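Inspection log for the structure reproduced underneath, given as structure tokens.
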Amino acid sequence: MSALKTKLVNVIYIRTSPRALWKALTQPQSTRQYYVGLELRAELKRGGRFDYMHRAELHGRPGAGVEGVVIEVIPRKKLVHTFEPKFIEDKPSRVTYEIEPMGLVCKLTVTHDQFPEGGPTLETVKEGWPEILSSLKSLLETGQALAIPRNS
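Encoded structure:
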């Protein structure tokens, strides 16, 4: 299967409200806790910037970890943006977040697709999404993100 046709789909159920989940996905004070220390800087409108920024104390210098552009926004339901990591050389791919309320929980589906053919992004993010989403779930359900040990 070619990289352009490859889709990474992660589904997670979180005991939270759509409002709290949306806030966690779109607010820098939340993303820095569960998204490997990156702070989101976003203009939540079509064509707006969607950048995950390094903090200097984490990575030696401030700057973009991932850059993107907003494609679609439906607050508390759906967010679609391009995804261009700055720590590897590759063209943008696409990330879609879909929130579905189910009683006292929300079903969050994250689809990462449109990977450039032969590029390194697919292999790089395969392991990252489960860690990020598990940490997001922990943050929303317990108030604490996961501290996942990194192999050096």
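To convert, count from 1 in the sequence shown and add 424; that's my numbering.
Built from N, CA and C at the ideal position, the CB exists for glycine as well.
Being a predicted model, the structure only gives us computed values, none of them experimental.
Euclidean distance between Cα positions of K502 and E496 | In the sequence shown, residue 502 corresponds to position 78, counting from 1. In the sequence shown, residue 496 corresponds to position 72, counting from 1. Whole-angstrom Cα-Cα distance: 7 Å.
Mind checking whether A448 and L563 have CB atoms under 8 Å apart?
-> Here residue 448 is taken as the residue at index 24 of the sequence shown, counted from 1. Here residue 563 is taken as the residue at index 139 of the sequence shown, counted from 1. Cβ distance < 8 Å, so A448 and L563 count as in contact.
Give, in chain order, every unbroken run of the alpha helix (DSSP H) that is at least 4 residues long and sits entirely within the segment 458 to 508.
-> 480 to 483
Skipping 5 residues on each side, what residues in its chain have a beta carbon closer than 6 Å to that of E522?
-> What you label residue 522 is simply residue 98 of the sequence shown in a count that begins at 1. Result list for E522: K502 and T533, in chain order.
Range covered by the beta strand (DSSP E) that runs through L445 | Start at 1 with the first residue of the sequence shown, and residue 445 comes out as number 21. L445 -> not in any beta strand (DSSP E); alpha helix (DSSP H) instead, spanning P442 to T450.
Tell me, to the nearest whole angstrom, how far the beta carbon of T520 is from that of V504; I am working on the premise that it is less than 8 Å.
-> As a working note, residue 520 is residue 96 in the sequence shown. As a working note, residue 504 is residue 80 in the sequence shown. In this structure T520 is in contact with V504, their Cβ atoms being roughly 5 Å apart against a cut-off of 8 Å.
Going by beta carbon distance, what residues of the same chain come within less than 6 Å of V435, once the five residues before and after it are set aside?
-> Within the sequence shown, residue 435 is the residue found at index 11, counting from 1. Closer than 6 Å at the Cβ level, and outside the excluded window around V435, lie T533.
Taking the alpha-carbon positions, what's the T455 to L464 distance?
-> To locate residue 455, count along the sequence shown from 1; it is residue 31. To locate residue 464, count along the sequence shown from 1; it is residue 40. One C-alpha to the other measures close to 6 Å.
May I have the straight-line CA-CA distance separating H478 from L528, to the nearest angstrom?
-> Position 54 of the sequence shown, counted from the start, is the residue given in the question as residue 478. Position 104 of the sequence shown, counted from the start, is the residue given in the question as residue 528. Near 34 Å, if we compare the C-alpha coordinates of L528 and H478.
Grab me the residues of Q457's own chain with a C-beta within less than 6 Å of its C-beta, minus the 5 sequence neighbours each way, in chain order.
-> In the sequence shown, counting from the first residue as 1, residue 457 sits at position 33. Excluding residues within five positions, the ones whose Cβ falls inside 6 Å are L563 and A569.
Which word fits F415, buried or exposed, when buried means at least 16 other C-beta atoms lie within 10 angstroms of its C-beta?
-> Limits of the chain in this structure are 425 at one end and 576 at the other, which puts residue 415 out of reach.
Inter-residue CB distance, R500 and W446 (contact presumed, cutoff 8 Å) | Counted from its first residue, the sequence shown places residue 500 at position 76. Counted from its first residue, the sequence shown places residue 446 at position 22. The pair is a contact, with the Cβ atoms about 4 Å apart (cut-off 8 Å).
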